[in-house]
């Protein structure tokens, strides 16, 4: 299964927009793309994860798995985000042991959602 | 389709735990249950939405729809949460026009996620 790493590429993260400089979300997306998506991870830019007050933000999701949203990220976090995404992709159920998650994933969770299906 | 309204029933929302008094998440869950789930909404307690720093939190989700997570909620918000959940259930794609969303949903979004499926 390929999991999705979504990155909000429109996030301003509270910064003033500077002429000619990409917004922080676009810079984070570019840094992730430059790092290269790990095996089993599809990197996808999205327009807004509605986490504007806690941006920049990324999300990890896949059918039948818990979804995770992380925030307060910058382009400097791209290597750790990719490492964490690889661990999520490699875990059969997406549940990565706590200690094996990057610190930014342990400390900067915005939300998680159980697998989305019909109510039991 | 029945949509799911998830409420984190373990959230302490930064409060000290008081002997004999349910935590804020449990009080919010009880207020929602007392209000009664609208048609097409399945109310479900969950143990943690990992939004601890912005609790109490609820989420709306269903297969093929955008998911939403809202935070900084209290039991006093239960009526508005139920109204917003009903609007989400009634919208065929889950996309409720901005002005028809309760103020707490417009102002207290923690995150949203696009419909979860295989990468395109």
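Residue numbers (my numbering), protein chains in the order written: chain W, -11 to 108; chain C, -11 to 108. The beta-carbon is built from N, C-alpha and C at its ideal position, and this holds for glycine as well.
### Message
Quick check on residue 63/W: buried or exposed, where buried means 16 or more other Cβ atoms within 10 Å of its Cβ?
### Response
buried
### Query
Does the beta-carbon of residue 8/W have 16 or more other beta-carbons within 10 angstroms, so that it is buried, or is it exposed?
exposed
### Message
By the three-class DSSP mapping on this structure, what secondary structure does residue 16/W have?
### Response
helix
### Message
DSSP three-state label for residue 25/W, please.
### Response
coil
### Task
Please list, in chain order, all residues of the same chain as residue 23/C whose beta carbon is under 7 Å from its beta carbon, the five residues on each side excluded.
66, 67 and 70
### Query
How would you write the range of the alpha helix (DSSP H) that residue 94/C sits in, first residue to last?
91 to 95
### Message
Let's see if you can read the secondary structure: which residues bound the alpha helix (DSSP H) around residue 70/W?
### Response
66 to 78
### Task
Check the Cβ of residue -1/C against every Cβ in chain W and list those closer than 9 Å, keeping chain order.
The contacting residues do not exist; residue -1/C stays about 12 Å from chain W at best.
### Task
Could you give the DSSP three-state label for residue 49/C: helix, strand or coil?
strand
### Message
Just checking: is the beta-carbon of residue 11/C within a distance shorter than 9 Å of some beta-carbon in chain W?
### Response
no
#### Entry: Residue burial classification, residue 4/C (beta-carbon count within 10 angstroms, cutoff 16)
exposed
### Query
Does DSSP classify residue 40/C as helix, strand or coil?
helix
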